[in-house]
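Peer 1: Residue numbers (the numbering used here): 1 to 321. Handing you a structure now.
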């Protein structure tokens with residue numbers, strides 16, 4: 001890992017966006033090898049960086065980028081620690097040897113669904129930055145439903161305390177009785193934005209689930225509280241969506257980590273337990289991810305895995321070939 005601008009190094013470690021780090025450098029809050037840093041300074045392997053109460057040594061090699069999908073249940077907060085002692089998302093993520101886990105955006109305590117998690121701070125910052133126009137899609141259940149006029153208002157735009165907001169798409173998803181479901185898509189992630197928008201037209205949200213982020217859909221078989229690692233080709237498409245190069249070092253991951261990319265990860269499971277898992281299917285063909293687009297929502301599906309048809313190979317069971 002060669003020397004890079006200080007703000008880029010710290011952003012990649014997940015310590016904030018480049019702009020926020022630049023502001024802290026200007027305010028004299030960052031030191032490199034004991035010296036107060038200035039804008040334009042660089043840092044490389046072995047350098048000691050101090051920022052606030054954090055003291056970090058720049059690693060020799062950039063950690064291998066990894067991206068997880070976490071199915072967040074209701075009743076957890078998107079944080080590493082909670083002063084009130086409530087359950088946190090961090091408690092249910094697998095251990096990581098390189099870097100630390102960074103959540104891409106947040107989900108409210110009472111909101112469930114897809115939460116992307118990565119160890120690449122630059123990727124996380126770009127996926128959250130408004131300038132990239134990343135789409136988020138939610139399934140929202142509204143008590144009593146929404147009239148045609150209310151739906152039109154939400155598409156045209158409503159005024160919130162922190163500025164105007166509108167849904168890019170609003171699709172009727174059906175329902176029974178007084179509860180009615182809608183799929184809504186927007187380009188930003190302001191605090192409680194979906195709930196506040198529907199409340200602005202006198203609607204009442206009874207449940208909210210995020211089902212897609214940046215074209216990555218919540219896997220239907222991934223249960224709440226479980227984690228699944230993105231397959232390399234989908235992770236690469238996600239990086240390219242925000243102008244980053246795909247990870248090229250997946251082969252450096254252990255066999256256990258590579259196997260996890262194809263099946264849900266059970267929180268708290270040890271490496272030894274994971275070695276007992278069944279082998280993944282062989283002979284699968286990858287058709288590649290569906291291309292992302294900032295103008296239109298896309299769904300990236302994992303590569304399909306199928307057994308080759310035809311007669312079973314001859315030979316006695318257990319015979320080496």
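We treat Cβ as the ideally placed atom computed from N, Cα and C, and that holds for glycine. Note that this is a predicted model, so its numbers are computed, not measured.
Along the alpha helix (DSSP H) that carries residue 55, what are the first and last residues, could you check?
Peer 2: The residue given as residue 55 occupies position 55 in the chain shown. From DSSP, residue 55 is part of no alpha helix (DSSP H) but of the beta strand (DSSP E) over 54-57.
Peer 1: Would you mind giving the Cβ-Cβ distance between residue 41 and residue 15, rounded to the nearest angstrom? I have them listed as a contact below 8 Å.
Peer 2: One-based indexing of the chain shown puts residue 41 at position 41. One-based indexing of the chain shown puts residue 15 at position 15. No, residue 41 and residue 15 are not in contact; Cβ-Cβ is about 15 Å, not under 8 Å.
Peer 1: For the alpha helix (DSSP H) that contains residue 197, what are its first and last residues?
Peer 2: Within the chain shown, the letter at position 197 stands for residue 197. It spans 193-200 - the alpha helix (DSSP H) in which residue 197 sits, taken as one unbroken run.
Peer 1: How is residue 126 classed by DSSP in three states: helix, strand or coil?
Peer 2: Numbered from its first residue, the chain shown carries residue 126 at position 126. Residue state, collapsed to three classes: helix.
Peer 1: Just how far apart, CA to CA, sit residue 164 and residue 141?
Peer 2: Locating residue 164 in the chain shown gives position 164, counting from the first residue. Locating residue 141 in the chain shown gives position 141, counting from the first residue. Going by the C-alpha atoms only, they are around 22 Å apart.
Peer 1: Residue 179 by DSSP, collapsed to three states: which one?
Peer 2: For the purposes of this step, residue 179 is taken as the residue at position 179 of the chain shown. Looking at residue 179 - three-state DSSP - the assignment turns out to be strand.
Peer 1: I want to see whether chain B comes within less than 9 Å of residue 191, judged by CB atoms only; does it?
Peer 2: Chain labels in this structure do not include chain B; a single protein chain is all it has.
Peer 1: Where does residue 248 sit, in a helix, a strand or coil, going by DSSP?
Peer 2: Taking the first residue of the chain shown as 1, we reach residue 248 at position 248. DSSP places residue 248 in coil when its eight states are reduced to three.
Peer 1: From residue 209 to residue 108, what does the alpha carbon distance come to, in whole angstroms?
Peer 2: On the chain shown, residue 209 is found 209 positions in, with the first residue counted as 1. On the chain shown, residue 108 is found 108 positions in, with the first residue counted as 1. One C-alpha to the other measures close to 10 Å.
Peer 1: In terms of residues, what are the limits of the beta strand (DSSP E) holding residue 72?
Peer 2: As a first step, residue 72 is located in the chain shown; it is residue number 72 there, counting from the start. Element bounds for residue 72: 67-72.
Peer 1: Thinking C-beta only, is residue 67 closer than 9 Å to residue 123?
Peer 2: Against the chain shown, residue 123 aligns to sequence position 123. Against the chain shown, residue 67 aligns to sequence position 67. Cβ distance < 9 Å, so residue 123 and residue 67 count as in contact.
Peer 1: Looking only at C-alpha atoms, which of 50, 31 and 61 sits nearest to residue 360?
Peer 2: Absent from the model: residue 360. The displayed extent of the chain is 1 to 321, so no value can be given.
Peer 1: Taking 8 Å as the cut-off, does the stretch 218-227 touch the stretch 172-183 (at least 3 CB pairs, one atom from each stretch)?
Peer 2: No, because fewer than three Cβ pairs between the stretch 172-183 and the stretch 218-227 fall closer than 8 Å, the two stretches do not touch.
Peer 1: Three or more beta-carbon pairs under 8 Å between the stretch 127-144 and the stretch 180-195, yes or no?
Peer 2: The stretch 127-144 is in contact with the stretch 180-195.
Peer 1: Just to confirm before moving on: does the CB-CB distance between residue 157 and residue 147 stay below 9 Å?
Peer 2: One-based indexing of the chain shown puts residue 157 at position 157. One-based indexing of the chain shown puts residue 147 at position 147. Their beta carbons are not under 9 Å apart, which means residue 157 does not touch residue 147 by this criterion.
Peer 1: Identify every run of the alpha helix (DSSP H) within the stretch 108-175, keeping only runs that are complete inside it and at least 4 residues long; order them along the chain.
Peer 2: 121-128 and 148-156, all fully within the stretch 108-175.
Peer 1: Let me know the secondary structure DSSP gives residue 240 once reduced to three states.
Peer 2: Translated into the one-based positions of the chain shown, residue 240 becomes position 240. Note: residue 240 maps to helix in three-state DSSP.
Peer 1: Here's a check: name, in chain order, each residue in its chain whose Cβ is nearer than 6 Å to the Cβ of residue 153, leaving out the five neighbours to either side.
Peer 2: Your numbering for residue 153 matches position 153 in the chain shown. Around residue 153: 201.
Peer 1: Express the C-alpha separation of residue 145 and residue 98 in angstroms, rounding to a whole number.
Peer 2: Against the chain shown, residue 98 aligns to sequence position 98. Against the chain shown, residue 145 aligns to sequence position 145. Using only the alpha carbons, I get a separation of about 47 Å.
Peer 1: For the beta strand (DSSP E) holding residue 96, just list the boundary residues, first then last.
Peer 2: Along the chain shown, one-based indexing puts residue 96 at 96. Run containing residue 96: none; DSSP gives neither H nor E here.
Peer 1: Would you say residue 105 and residue 211 are within 9 Å of each other, going by their C-beta atoms?
Peer 2: Along the chain shown, one-based indexing puts residue 105 at 105. Along the chain shown, one-based indexing puts residue 211 at 211. Going by C-beta atoms, residue 105 is not nearer than 9 Å to residue 211.
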